[in-house]
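To start, the structure itself, in structure tokens.
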Amino acid sequence: MQKVNTTNPLTIPDEDCKAVQSDVGKKLVHEQNQTTTAKQKQKITKKDSLLANQDIKRWYDNLARSSLVTAEVKLRKLGRFCENNKITPMELVDLGLKSPRAVTDLLEDNITTMEKKRNAPQYIKSIITAVKSWLHHFDIEIKRRIKIANVDSTPTLADERIPDATELSELFNRANLRSGAIMALMGKAGLRPEVLGNHDARDGLMMRDLPELEIVEGIARFSAKPAKVVIRRTLSKAGHVYFSFITETGAEKILAYINQRMIDGEVLDPESPVIAPFSKYPRFRGKNEGRKFLSTAIIERDVRKTMRPRFKWRPYVLRAFFDTQLLIAESRGKIAHDFRVFFMGHKGSIEAKYTTNKSILPKVLMDEMRESFRKSQEFLDYETNLEREEEISRQRIVTSEEFEKLVTEGWQYLGTLPNGKIVIKNKQDSD
Numbered sequence: 001m002q003k004v005n006t007t008n009p010l011t012i013p014d015e016d017c018k019a020v021q022s023d024v025g026k027k028l029v030h031e032q033n034q035t036t037t038a039k040q041k042q043k044i045t046k047k048d049s050l051l052a053n054q055d056i057k058r059w060y061d062n063l064a065r066s067s068l069v070t071a072e073v074k075l076r077k078l079g080r081f082c083e084n085n086k087i088t089p090m091e092l093v094d095l096g097l098k099s100p101r102a103v104t105d106l107l108e109d110n111i112t113t114m115e116k117k118r119n120a121p122q123y124i125k126s127i128i129t130a131v132k133s134w135l136h137h138f139d140i141e142i143k144r145r146i147k148i149a150n151v152d153s154t155p156t157l158a159d160e161r162i163p164d165a166t167e168l169s170e171l172f173n174r175a176n177l178r179s180g181a182i183m184a185l186m187g188k189a190g191l192r193p194e195v196l197g198n199h200d201a202r203d204g205l206m207m208r209d210l211p212e213l214e215i216v217e218g219i220a221r222f223s224a225k226p227a228k229v230v231i232r233r234t235l236s237k238a239g240h241v242y243f244s245f246i247t248e249t250g251a252e253k254i255l256a257y258i259n260q261r262m263i264d265g266e267v268l269d270p271e272s273p274v275i276a277p278f279s280k281y282p283r284f285r286g287k288n289e290g291r292k293f294l295s296t297a298i299i300e301r302d303v304r305k306t307m308r309p310r311f312k313w314r315p316y317v318l319r320a321f322f323d324t325q326l327l328i329a330e331s332r333g334k335i336a337h338d339f340r341v342f343f344m345g346h347k348g349s350i351e352a353k354y355t356t357n358k359s360i361l362p363k364v365l366m367d368e369m370r371e372s373f374r375k376s377q378e379f380l381d382y383e384t385n386l387e388r389e390e391e392i393s394r395q396r397i398v399t400s401e402e403f404e405k406l407v408t409e410g411w412q413y414l415g416t417l418p419n420g421k422i423v424i425k426n427k428q429d430s431d
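Right, dumping it as structure tokens:
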């Protein structure tokens, strides 16, 4: 590689182009940038600053023993409250110890301010709950009944609806292989986004959680339909093991994604993630560098990116679709209520039996649950029924006399009904 009056080569790797522009004839000095240490590059976050205090760290760790996500959210909300009021968490505690009434007044004043800003009631509640939790850590009890207007309302979700058949079909057609697999697991099996990859990318759905997945001669396939998906206790929001099934259309999306990963040279084993980071080209992953799962935020980002700008839904609308369609199937007698509750990951009679029996159900019950799900597939895969609906729209039921006339006009015989009438299809429209 030649150099022309410069300290840098003419050819620069892509990742260095922004840092060092061509300095032909200028002799730019780049050495000072190269001496930057890792410590200088490391940014101290608001979370790090808060957790540097031992009392805050102790409170955070106590919350994290129950739920790490809850601990993260409450720490963030406490920090926001203190920023807005120009007070430190420890100063807030001192105020509460000196005058419980004063700190209660502060909470009420903040509610008034946030309501004037038209913040969502649930957002206001989450901040007040976090502050109360922090004060409770120091045995400071807020005895006054603090009210939040319309606390149970969700204005941002007021107009949200589930996709119809055409929209769902378009949504899956817009998706790449990974996004399609993610949406299939959410919309066709009812999984929460955090099941596929938790908030810090340390855990998620693995290949062993698809017990009927097998790889034969380098091709992935499911040995049973509908295929079973097991959700481990560590991935379950309610903290219990349960399972669901995925529809045949959803299974096809997952198999297409897994097969492409193997084509790209990835070696899969039972511990491999079902939804994995891109491996073909390295990407900067920040604190998640080296972790084999995707974080919940990235999983939701993939779905949101597929939806935008055409659709304004939340990614979670896919799980709502699963629940709604099974509810319709239940009303049609296709699936039992307890089965639907279990597949959604909620606690109920089936969950209690499944937990008590150490995740083992009688084969008869398992077969019944699988069969019920199979009967309900038409409500979950209804975007694939568009062609069937169009096919039916081209059909007519006629008498034998009418058939003799219409057959000369291009209509095709399909069959005879028990009442003697004939089903025909417009052959010309289908050509």
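Just so you know, my numbering puts 344 at position 344 of the sequence shown, and the rest follows in order with no gaps. Idealized CB from N, CA, C, for every residue including glycine. Please read these numbers as outputs of a predicted model, since none were measured by experiment.
Per DSSP, tyrosine 123 is one residue of the alpha helix (DSSP H) stretching across 121-136. Phenylalanine 243 is positioned such that its CB atom lies no closer than 8 Å to that of lysine 253. In the DSSP assignment, tryptophan 411 is bridged to Asn426. For arginine 291 against alanine 201, the beta-carbon gap comes to about 4 Å, under 8 Å, which counts as contact.
Between arginine 319 and glycine 190, the gap from beta carbon to beta carbon is short of 8 Å. If you draw a straight line from the Cα of arginine 308 to the Cα of arginine 301, it is about 10 Å long. Counting only the Cα atoms, threonine 70 lies some 34 Å from glutamate 212. Distance from the Cα of lysine 143 is smallest, within the candidate group Asp105, Leu294 and Asp264, for Asp105. Rounded to the nearest angstrom, the gap between the Cα atoms of threonine 88 and leucine 168 is 48 Å. Ranked by Cα distance from methionine 344, the first of Met206, Ile140, His240 and Ile162 is His240. Runs of the alpha helix (DSSP H) lying entirely within the segment 291-341 and spanning at least 4 residues, in chain order: 296-307 and 317-331. The segment 194-208 makes contact with the segment 258-273, as at least three CB pairs between them are under 8 Å.
By the criterion of a C-beta distance shorter than 7 Å, serine 153 is surrounded in its chain by Pro121, once the five residues flanking it on both sides are discounted. If you draw a 10 Å sphere on the C-beta of isoleucine 246, you find 16 or more other C-beta atoms in it, and that means buried.
Around the C-beta of leucine 365, fewer than 16 other C-beta atoms lie within 10 Å, and the residue is accordingly described as exposed. Shown here, alanine 52 sits in coil according to DSSP, grouped into three states, outside any helix or strand. Excluding residues up to 5 positions away in sequence, Met183 and Thr306 lie with their Cβ nearer than 7 Å to the Cβ of alanine 175 in the same chain. Annotation for lysine 405: the continuous alpha helix (DSSP H) segment containing it runs 400-406.
With respect to glycine 204, leucine 97 sits apart: the two C-beta atoms are not nearer than 8 Å.
For serine 376, the uninterrupted alpha helix (DSSP H) segment begins and ends at 363-380. Closest option to phenylalanine 322, judged by alpha-carbon separation, among Ile258, Gly333, Tyr382 and Lys347: Tyr382. Excluding its 5 nearest sequence neighbours in each direction, phenylalanine 403 has C-beta neighbours in its own chain below 8 Å: Trp411, Tyr413, Ile422 and Ile424, listed in chain order.
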